[in-house]
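Asks: Chains as they are written, first to last, in the working numbering: chain G, 1 to 267; chain E, 1001 to 1168.
Would you mind keeping the following structure in view while I ask a few things?
Written out as structure tokens, the structure is:
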């Protein structure tokens, strides 16, 4: 005879016992009043639970619990959410586009910084050259002067830096910043120790305001000044005192005859 | 897709009945079912296992119920006493268990026993399906059922039977 377990009794009460076991349990119950009473109690519990809570399953289902309605609502919500997402993407795009177009207006870098960077860059490139350091040599300095003066549309004299120990090597014409005439002249000087300084000259900036600035840029010292006629950046890697002496000589010679002359700096 | 919605719709009465028995509150129960349905419909095709829709729905309902219980326990449940509906109860009849007493007794069961007991007795689910819904082995389900029934017997004061011990 099959061993009757409590689980089997419970499964019998829940109607989940296979046919063969069910017959065995019924036989067991017939012979065991105690077990039969227990089974009867469980069955009464089951009945009571179904009596209490069963009717809720027969009530008419309210509209808010209709799956089709909920599905439609969820679909609408998704579309709205997608709408918002699309709107957000569009707004970000508009913002980026607007930012791109107003970018030049917000450019905070002053024009002098561009000129100084260009001057230092040109200095670094050409002082390293030996045979092609300049386009026109100092032996043809008259031609150099007239040529560069014409190109820059101003009078450009070659500063004399003999007193500072520097001789003119020559000069060349370079592309320059668009707001300073688009062209630049570079003059190169050299001392007996083969140290070189360059002078980077452009036409005046649109505002034509006088300005002075010392800058250290990528290992080179730069002295920048501007007036109503030209901008000029003296670049070199000399000790500071020597740089200042050269810069002052260049300044005083190139601004000779200009209206706003004066000492560019104290020191 | 509409086939899926039909299957869901067929389960709604059972879900309501089960939720009502769990919460003993019409509005809470319907909210629970609605949340369950929304989750199920929103996730269809994404997370739906290949098994029967009914078991999956009950799993979602129970998970959601446990979460709301945790939240309300943290917050301290607030129920307006007037909104708690009276359960319609047939008058006790001789030979039947007093229903109000049984209802109170079920309330005092640990949640894991209550969930299991109601799935099997009220919903009449096969043991295997009930165990799957609760993510437990069938053996664990059986022991929870056994403990729940023993507790109910104690709490309702039903004599553990005519207790006629045959003295040999």
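Glycine is no exception: its CB is placed at the ideal position from the N, C-alpha and C atoms.
The structure displayed is predicted, hence computed values, not measured ones.
Shortest alpha-carbon distance to residue 190 of chain G belongs to which of G:77, G:123 and G:4?
Replies: Your numbering for residue 190 of chain G matches position 190 in the first chain. Closest by alpha carbon: G:123.
Asks: Pull up the DSSP beta-bridge partners for residue 170 of chain G, would you.
Replies: Indexing the first chain from 1 puts residue 170 of chain G at position 170. Bridge partners of residue 170 of chain G: G:137 and G:188.
Asks: Express the C-alpha separation of residue 81 of chain G and residue 292 of chain G in angstroms, rounding to a whole number.
Replies: Because chain G spans 1 through 267 in this model, residue 292 of chain G falls outside it and cannot be assessed.
Asks: In terms of residue numbering, what span does the beta strand (DSSP E) encompassing residue 28 of chain G cover?
Replies: Locating residue 28 of chain G in the first chain gives position 28, where the first residue counts as 1. It is not in any beta strand (DSSP E) - residue 28 of chain G instead sits in the alpha helix (DSSP H) that spans 19-31.
Asks: Work out the CA separation of residue 44 of chain G and residue 1094 of chain E for me, nearest whole Å.
Replies: Taking the second chain and counting its residues from 1, the one referred to as residue 1094 of chain E is at position 94. Taking the first chain and counting its residues from 1, the one referred to as residue 44 of chain G is at position 44. Confidence is the limiting factor: at residue 1094 of chain E the pLDDT is only 46, short of 50, which leaves the residue's position unreliable and the question unanswerable from this model.
Asks: Between which two residues does the beta strand (DSSP E) harbouring residue 220 of chain G extend?
Replies: Taking the first chain and counting its residues from 1, the one referred to as residue 220 of chain G is at position 220. Element bounds for residue 220 of chain G: 220-226.
Asks: By DSSP, does residue 261 of chain G sit in helix, in strand, or in coil?
Replies: As a first step, residue 261 of chain G must be located in the first chain, where it is residue number 261. A caution first: residue 261 of chain G carries a pLDDT of 45, below 50, which makes its placement in the model unreliable, though a value can still be read off. Three-state result, residue 261 of chain G: coil.
Asks: Flag residue 1140 of chain E as yes if its beta-carbon sits less than 7 Å from any beta-carbon of chain G, otherwise no.
Replies: Here residue 1140 of chain E is taken as the residue at index 140 of the second chain, counted from 1. No, residue 1140 of chain E does not count as interfacial toward chain G.
Asks: Tell me which residues share the same chain as residue 141 of chain G and place their Cβ nearer than 7 Å to its Cβ, disregarding the 5 neighbours each side in the sequence.
Replies: Looking up residue 141 of chain G in the first chain gives position 141. For residue 141 of chain G, where only same-chain residues beyond five positions count, the Cβ hits under 7 Å are 158 and 168.
Asks: With residue 1139 of chain E as the anchor, note down where its alpha helix (DSSP H) starts and where it stops.
Replies: Here residue 1139 of chain E corresponds to residue number 139 of the second chain, with the count starting at 1. Unbroken alpha helix (DSSP H) run through residue 1139 of chain E: 1138-1155.
Asks: Taking the C-alpha atoms as reference points, what is the distance between residue 201 of chain G and residue 173 of chain G?
Replies: Locating residue 201 of chain G in the first chain gives position 201, where the first residue counts as 1. Locating residue 173 of chain G in the first chain gives position 173, where the first residue counts as 1. Looking at the two C-alpha atoms, the distance is approximately 10 Å.
Asks: What are the boundary residues of the alpha helix (DSSP H) that includes residue 112 of chain G?
Replies: As a working mapping, residue 112 of chain G is identified with position 112 in the first chain. Start and end: 111-127.
Asks: Ordered along the chain, which non-local residues of its own chain (more than five positions away) have a Cβ less than 8 Å from that of residue 1112 of chain E?
Replies: As a working note, residue 1112 of chain E is residue 112 in the second chain. Excluding residues within five positions, the ones whose Cβ falls inside 8 Å are 1134 and 1144.
Asks: Leaving out five residues on either side along the sequence, give the residues of the same chain with a beta carbon under 6 Å from the beta carbon of residue 1063 of chain E.
Replies: Here residue 1063 of chain E is taken as the residue at index 63 of the second chain, counted from 1. Nothing meets the Cβ criterion.
Asks: Residue 203 of chain G bridges to which residues according to DSSP?
Replies: Taking the first residue of the first chain as position 1, residue 203 of chain G is located at position 203. BP columns for residue 203 of chain G point to G:230.
Asks: List the whole-angstrom C-beta distance separating residue 1030 of chain E from residue 65 of chain G, where the pair is believed to meet the contact cut-off of C-beta under 8 Å.
Replies: As a working mapping, residue 1030 of chain E is identified with position 30 in the second chain. As a working mapping, residue 65 of chain G is identified with position 65 in the first chain. Contact holds; Cβ gap of about 6 Å.
Asks: Tell me, to the nearest whole angstrom, how far the beta carbon of residue 186 of chain G is from that of residue 245 of chain G; I am working on the premise that it is less than 8 Å.
Replies: As a first step, residue 186 of chain G is located in the first chain; it is residue number 186 there, counting from the start. As a first step, residue 245 of chain G is located in the first chain; it is residue number 245 there, counting from the start. Actually they are not in contact, since the Cβ atoms of residue 186 of chain G and residue 245 of chain G sit about 20 Å apart, beyond 8 Å.
Asks: Please compile the residues from chain G whose C-beta is within a distance smaller than 7 Å of the C-beta of residue 1126 of chain E.
Replies: Start at 1 with the first residue of the second chain, and residue 1126 of chain E comes out as number 126. Chain G residues near residue 1126 of chain E: 16.
Asks: Residues in the segment 56-69 of chain G with C-beta within 9 Å of chain E's C-beta atoms, listed in sequence order?
Replies: So the close ones are 56, 57, 58, 59, 61, 62, 64, 65, 66, 67 and 68.
Asks: Using a Cβ-Cβ cut-off of 7 Å, state whether residue 30 of chain G counts as contacting chain E.
Replies: The residue given as residue 30 of chain G occupies position 30 in the first chain. So no, residue 30 of chain G is outside the interface.
Asks: Measure the beta-carbon distance from residue 1005 of chain E to residue 1061 of chain E and round it to whole angstroms, keeping in mind my assumption that it falls under 8 Å.
Replies: Translated into positions along the second chain, residue 1005 of chain E becomes position 5. Translated into positions along the second chain, residue 1061 of chain E becomes position 61. In fact, because the Cβ distance is near 17 Å, the residues do not count as touching under 8 Å.
Asks: For residue 42 of chain G, I'd like the list of residues in its chain whose CB is within less than 6 Å of its CB, leaving aside the five on either flank, ordered along the chain.
Replies: Within the first chain, the letter at position 42 stands for residue 42 of chain G. 13, listed in sequence order.
Asks: To the nearest angstrom, how far is the alpha carbon of residue 183 of chain G from that of residue 84 of chain G?
Replies: In the first chain, counting from the first residue as 1, residue 183 of chain G sits at position 183. In the first chain, counting from the first residue as 1, residue 84 of chain G sits at position 84. Taking the straight line joining both Cα atoms gives about 51 Å.
Asks: Return the CA-CA distance between residue 31 of chain G and residue 24 of chain G, expressed in angstroms with no decimal places.
Replies: By 1-based counting over the first chain, the position of residue 31 of chain G is 31. By 1-based counting over the first chain, the position of residue 24 of chain G is 24. Taking the straight line joining both Cα atoms gives about 11 Å.
Asks: For chain G, check one thing: does any of its Cβ atoms lie closer than 7 Å to the Cβ of residue 1129 of chain E?
Replies: Within the second chain, numbered from 1, the residue matching residue 1129 of chain E stands at position 129. Not an interface residue.
Asks: Leaving aside the five residues before and after residue 1104 of chain E along the sequence, list all residues of the same chain whose C-beta is less than 8 Å from its C-beta, in chain order.
Replies: Residue 1104 of chain E sits at position 104 when you count from the first residue of the second chain. Here the set comprises 1155.
Asks: Please classify residue 1056 of chain E as buried or exposed, where buried requires at least 16 other C-beta atoms within 10 Å of its C-beta.
Replies: For the purposes of this step, residue 1056 of chain E is taken as residue 56 along the second chain, with counting starting at 1. Classification of residue 1056 of chain E: buried, given that the 10 Å Cβ count is 16 or more.
Asks: Is residue 231 of chain G closer than 7 Å to residue 156 of chain G when the C-beta atoms are compared?
Replies: Taking the first residue of the first chain as position 1, residue 156 of chain G is located at position 156. Taking the first residue of the first chain as position 1, residue 231 of chain G is located at position 231. Not in contact: residue 156 of chain G and residue 231 of chain G (Cβ atoms no closer than 7 Å).
Asks: Measuring only between beta-carbons, confirm whether residue 45 of chain G sits less than 7 Å from chain E.
Replies: For this step, residue 45 of chain G is matched to residue 45 along the first chain. It does: the Cβ of residue 45 of chain G has a partner Cβ on chain E nearer than 7 Å.
Asks: Comparing alpha-carbon positions, which option in G:10, G:104 and G:118 lies nearest residue 175 of chain G?
Replies: For the purposes of this step, residue 175 of chain G is identified with residue 175 of the first chain, where counting begins at 1. For the residues G:10, G:104 and G:118, the minimum Cα distance to residue 175 of chain G belongs to G:118.
Asks: Which residue's Cα is closest to the Cα of residue 135 of chain G: G:171, G:91, G:68 and G:237?
Replies: Numbered from its first residue, the first chain carries residue 135 of chain G at position 135. Looking at the Cα atoms, G:171 is the closest of the given residues.
Asks: Taking beta-carbon pairs under 9 Å, can you tell me which members of the segment 1033-1046 of chain E lie near chain G?
Replies: Result list: 1033, 1034, 1037, 1038, 1040, 1041, 1042 and 1044.
Asks: What does DSSP give as the partner residue(s) for residue 214 of chain G in the beta ladder?
Replies: By 1-based counting over the first chain, the position of residue 214 of chain G is 214. DSSP lists G:223 as partners of residue 214 of chain G.
Asks: With 7 Å set as the bound, which would you pick, yes or no: does the beta-carbon of residue 1091 of chain E sit closer than that to a beta-carbon of chain G?
Replies: As a first step, residue 1091 of chain E must be located in the second chain, where it is residue number 91. In this prediction, residue 1091 of chain E has a pLDDT of 49, which is less than 50 and means its spatial position is unreliable; what the coordinates show is noted afterwards. Judged by the 7 Å Cβ criterion, residue 1091 of chain E is not in contact with chain G.
Asks: If you check the beta carbons only, do residue 1148 of chain E and residue 1138 of chain E fall under 7 Å apart?
Replies: Locating residue 1148 of chain E in the second chain gives position 148, where the first residue counts as 1. Locating residue 1138 of chain E in the second chain gives position 138, where the first residue counts as 1. Against a cut-off of 7 Å, the Cβ pair of residue 1138 of chain E and residue 1148 of chain E comes out as no contact.
Asks: State yes or no: is the beta carbon of residue 1053 of chain E nearer than 7 Å to at least one beta carbon in chain G?
Replies: The count along the second chain starts at 1 and reaches residue 1053 of chain E at position 53. Judged by the 7 Å Cβ criterion, residue 1053 of chain E is not in contact with chain G.
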